[in-house]
Structures are given as C-alpha cells and as structure tokens.
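A.B. asks:
Number of protein chains: 2
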Amino acid sequence: MITDFLIKLVPFTCEELNDILPYFEKENVKKNELLIKEGQMCSKLYFVGQGIGRSYYLTKDGKDVTQWFFGVDNFMSSVDSFFQQSPSFYYLEVLEDSVLYSITKKNMDMLLAKYQNMEKFIRLLTIETLAKFVHKLNAIQFQTAKERYTYMLAEFPDISHRVPLGHIASYLGITQETLSRIRKNH
Amino acid sequence: MITDFLIKLVPFTCEELNDILPYFEKENVKKNELLIKEGQMCSKLYFVGQGIGRSYYLTKDGKDVTQWFFGVDNFMSSVDSFFQQSPSFYYLEVLEDSVLYSITKKNMDMLLAKYQNMEKFIRLLTIETLAKFVHKLNAIQFQTAKERYTYMLAEFPDISHRVPLGHIASYLGITQETLSRIRKNH
DNA sequence: CGCCGAGTTGAACTGAATCAAGAAACGTGG
DNA sequence: CCACGTTTCTTGATTCAGTTCAACTCGGCG
Chain A
1 MITDFLIKLV PFTCEELNDI LPYFEKENVK KNELLIKEGQ MCSKLYFVGQ
51 GIGRSYYLTK DGKDVTQWFF GVDNFMSSVD SFFQQSPSFY YLEVLEDSVL
101 YSITKKNMDM LLAKYQNMEK FIRLLTIETL AKFVHKLNAI QFQTAKERYT
151 YMLAEFPDIS HRVPLGHIAS YLGITQETLS RIRKNH
Chain B
1001 MITDFLIKLV PFTCEELNDI LPYFEKENVK KNELLIKEGQ MCSKLYFVGQ
1051 GIGRSYYLTK DGKDVTQWFF GVDNFMSSVD SFFQQSPSFY YLEVLEDSVL
1101 YSITKKNMDM LLAKYQNMEK FIRLLTIETL AKFVHKLNAI QFQTAKERYT
1151 YMLAEFPDIS HRVPLGHIAS YLGITQETLS RIRKNH
C-alpha cells in the first residue's frame, strides 16, 4: 500500500517502483515505543501501515504537548529534522502496536538524486503536509474549544477515540478537563 | 537578488539560471493593491524585491485575519492554491508600494519538469515554509499574548513596526486592544 | 478647520485554566 | 479470576487572561 500512496501523487513507472520499494523496510513496533527522542537526528522516514503514531514535545515546565497524529497510510517523521538534518525538537512515539515501513535518510537522498519523480513526490507530499498544518493553525487560532474538537473529529475521525484524552487536548491547545466537558455535551 | 535566493538552497548552474531568471517578471505594485481575492486561482508565484505583503482571510462574521506577512527576499503566494491549483482561501495584498517578481504557474510547471534542480528548490522552499508555519503554530498554541508578540518581533523584526496594529493582532490571534496594552509595557 | 482611520484606555464580562477530589478503566502479579 | 496500584477520565469551585464594548486621543489630509 505504499505503492498506492506513491502513485496517487506521482505517476511512477513500474521500473522506478521496483527500484524504490525495496528500500522500505518493514518494522513491527510495540505500543509506547519511541522512534526518536528530542535532540536526536531523525534518520528515517516512516510510513504507517498499521497503528497510530504521534509527535510531541515537552514544554519548559515539563508538559507533554502532542504536535501531530499519524494514522494508517500516512508518512510519519519529524519533518524538519529528517529533511533539514537538524536535531529534532520532537519525540516520535507509537500509540498502538504498529507496522511501519521505514526508509533511511541516506537511501532517500539517493533516490531523490536518481529520480526526478521522487523529488516531485516529496515536493507534493510536503505541500500536502503544509496545507494540513495551515488548516490546523486556522482551527486553533480563532476557534473556541468546542470548534477545535469538531475540527479534530473531521481531521482524524478514526483516531479521535483510540488515543488518550490528554493527547488530544494538548494537540488542540486546551486542557484535558475542558475537553472532557466538551465530550460530555457531545 | 532572486539569484541569491535560488542558489542559497540549490546549486543551480549558470546555464540553468540564465534560462530560469527571464521567466520572472518585474511588477510595481501600489500600496493596498490586491494580488488575489478569495476564491480565485493563484496563478503566479511572487518574490518580494521591495515592500511588504500579507495574506489574509475573512471569517464568517467578517473579521479580517492576517495569515502571514511576506518581507523582502521572500516568496509570496497562496501556497496551496498555487501548487495544488485550488481556489484560494486567502486574499493576497501589498501593504506598501512594492516591487515584486512574478512567475506564472505555467512557466513554473515547465521549469519544474525541465530541471530536477527546480524540483529540488521548490521542495526545499516548501520544507522551509512548513518549518516556519510549525514555529508559528507552536507560538500561538501555548503561549500568552505577550509571548506571541515576542515571537512576532523575532520572526518579523523589520515588519513589526511598519504595518497596522490590527494586522499584527489578528496574525497573532489576539485583539488589537490587547496588543496595544502589551506594547505599552514594552 | 473638521473629518476619518488608527491607536489607546477603562470597565465589565466570560471562556477556559487551574486546583483539588473522586470515579472508572486497565493491566499485572499472585 | 480477583485484588491492588496506576493511569485515565470526570466533576466541581475558583481564578484569571484576554475579550468585548464603548468612549476618547491623536495625527494626517482634503
């Protein structure tokens, strides 16, 4: 199903796909396992075949803030760290037993240089990601707590009821207590 | 100075640059002129040579919300609209008499297909933009009004005192009154 | 001179945070 | 399969940062 995702954005040839796919390595990851810690270089890009991941960071006063959720059929990484090879500001964690397909930075760079289609793919993927972030920003910036939760349900319908309340609350920039009260009144 | 910006991210050859640069067209734009309205397709990508631009949208109750500021030496567009060719959610406006260099979507597509370096350039540019948005999101999501203003001063040092207070306030997700009070106490 | 948009100031109000308990659910070992 | 501790979730009371509304100041310009 990585294939489906690849050709959805860019018309890779069969040859290209046959060359590219083997660089993705299947990994079984247990619930609560960390893929990266803050400060580390993110050396792999992950594709979620099964399960859920999230990225988060710790504030100066130690609060855990979810930055993003990664559901099935999505790429998962500390974007800036992976592509800009800077120390990651985020932790990357798996919230359920998951099946991931990973490609190393080194192999990705090789494929980017080799295939213009790969460049195009990553470009389009990044633009898509950017659009999602902008969408979240708009939801967070000018909406009430209840409206933010509505946005969450729309953006992550399958995830909203499978992860701890606190993770969702911090993702939305509200407290767990507030979110609990919102849920009570549907 | 587009040249400088291009080669800062990707080592274009002289030949490539000589082919690429002529596709950028110089435009003198007067203060308060609109480049795109909501609902239109964004058919050009602009590079700010001089002046300031901003993107904004109108909420359902008619409030004007600044989404981003574009200073000198930055690319300016309704990103998703330009690259995904979807109707723009945003207005694009110039806040001072400005000098812009524009390239059409059509020519950009042609250059993207022709030069792998161009693909790479746009990929890196998008990742950089993504990083900036993430930075703003973090600032907005969990910081007080005063801290947000501090972020603004750091992100747009040259712009913070050249545009109307209300534009900055809506950019930061606070009211004009609150921003005015913050400024009073430095 | 008087209008107009931009910015400031004050006072009352409010949505959500904080603080503090308690209830439920969950998983691990006996 | 139950008991116990841990984590997650709910509920209530109080507080506060920032909004709202409304009036006022200031500077530029026809």
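The listed protein sequences correspond, in order, to chains A and B.
Heads up: the first sequence at position 122 corresponds to 122 in our numbering, and the numbers run straight through without jumps.
Position in the second sequence counted from 1, then plus 1000, gives you our numbering.
Ideal placement from N, C-alpha and C gives every residue a C-beta, glycine not left out.
1. Give, in chain order, every unbroken run of the alpha helix (DSSP H) that is at least 4 residues long and sits entirely within the stretch 1037-1109 of chain B.
2. Threonine 129/A touches chain B at which residues, Cβ-Cβ below 8 Å?
3. Is it right to say leucine 153/A is buried, meaning 16 or more other beta carbons lie within 10 angstroms of its own, or is it exposed?
4. Would threonine 1003/B and lysine 1044/B qualify as a contact pair, given that the criterion is a beta-carbon distance under 7 Å?
5. Who are the neighbours of asparagine 1168/B on chain A, taking C-beta pairs under 7 Å?
6. Round the Cβ separation of methionine 128/A and arginine 1123/B to the nearest angstrom and send it over; I've been treating them as touching at under 8 Å.
7. Any idea if glutamine 85/A is buried or exposed, counting beta-carbon neighbours within 10 angstroms, 16 or more meaning buried?
8. Could you spell out the range, first to last residue, of the beta strand (DSSP E) harbouring asparagine 28/A?
9. Counting only beta-carbon separations shorter than 7 Å, does arginine 123/A have a partner in chain B?
10. Spatial neighbours of tyrosine 90/A within its chain, please: C-beta separation below 8 Å, excluding the five flanking residues on both sides.
11. Can you determine whether any heavy atom of the ligand COA sits closer than 6 Å to the C-beta of tryptophan 1068/B, and answer yes or no?
12. Within 7 Å of any Cβ in chain A, is that where the Cβ of phenylalanine 1083/B sits?
13. Using the rule of at least 16 other Cβ atoms within 10 Å of the residue's Cβ for burial, across every protein chain shown, is threonine 59/A buried or exposed?
14. How is the alpha helix (DSSP H) around tyrosine 1149/B delimited, first residue to last?
15. For the pair the stretch 1166-1185 of chain B and the stretch 92-107 of chain A, tell me if three or more CB-CB distances fall below 8 Å.
16. For my contact list, isoleucine 182/A and lysine 146/A are in at a C-beta cut-off of 8 Å; report their separation, rounded to the angstrom.
17. Within 7 Å (strictly less), CB to CB, does leucine 1137/B reach chain A?
18. Could you name the residues that DSSP lists as bridge partners for leucine 1034/B?
19. Of all Cβ atoms in chain A, is any one closer than 7 Å to the Cβ of glutamate 1119/B?
20. For isoleucine 162/A, is the classification buried or exposed, using 16 other Cβ atoms within 10 angstroms of its Cβ as the cut-off for buried?
21. Of the residues that make up the stretch 1138-1156 of chain B, which ones have a beta carbon closer than 9 Å to any beta carbon in chain A?
22. Going along chain B, which residues have a C-beta under 9 Å from glycine 62/A?
23. What in chain A is Cβ-close to glycine 1053/B, meaning under 9 Å?
24. If you check the beta carbons only, do glutamine 116/A and glutamine 1116/B fall under 7 Å apart?
25. State the DSSP-derived secondary structure class of threonine 126/A, mapped to helix, strand or coil.
26. Following the continuous alpha helix (DSSP H) through threonine 1003/B, name the residue where it begins and the one where it ends.
27. Would phenylalanine 24/A pass as a contact of tyrosine 101/A if the rule is Cβ separation under 7 Å?
C.D. replies: On the basis of the coordinates in this document:
1. 1079-1084
2. Taking the beta carbon of threonine 129/A as reference, the chain B residues within 8 Å of it are Leu1130, listed in sequence order.
3. exposed
4. no
5. In the sequence as presented, asparagine is not what sits at residue 1168/B; that position holds isoleucine. For isoleucine 1168/B, there are no C-beta contacts with chain A under 7 Å, since the nearest C-beta of that chain is about 13 Å from it.
6. Per the sequence presented here, residue 128/A reads as glutamate, with methionine not at that position. Contact doesn't hold; Cβ gap of about 12 Å is too wide.
7. exposed
8. Residue range 25-29 is occupied by the beta strand (DSSP E) that includes asparagine 28/A.
9. yes
10. Ile36, Glu38, Ser55, Tyr56, Tyr57, Gln67, Ser78 and Ser81
11. The ligand COA is not among the ligands present in this structure, which contains no ligands whatsoever.
12. Chain A, which has a Cβ nearer than 7 Å to the Cβ of phenylalanine 1083/B, makes this yes.
13. Threonine 59/A should be labelled exposed.
14. In the DSSP assignment, tyrosine 1149/B falls within the alpha helix (DSSP H) that extends over 1145-1155.
15. By the Cβ rule, the stretch 1166-1185 of chain B does not count as touching the stretch 92-107 of chain A, because fewer than three pairs are nearer than 8 Å.
16. 5 Å
17. So yes, leucine 1137/B belongs to the interface.
18. Glu1093/B
19. yes
20. Before going further, note that residue 162/A is arginine rather than isoleucine in the sequence given. Burial call: exposed.
21. Asn1138, Ile1140, Gln1141 and Phe1142
22. Simply none; closest approach about 13 Å.
23. Per Cβ cutoff of 9 Å: no residues; glycine 1053/B is ~17 Å from chain A at best.
24. yes
25. helix
26. 1002-1009
27. yes
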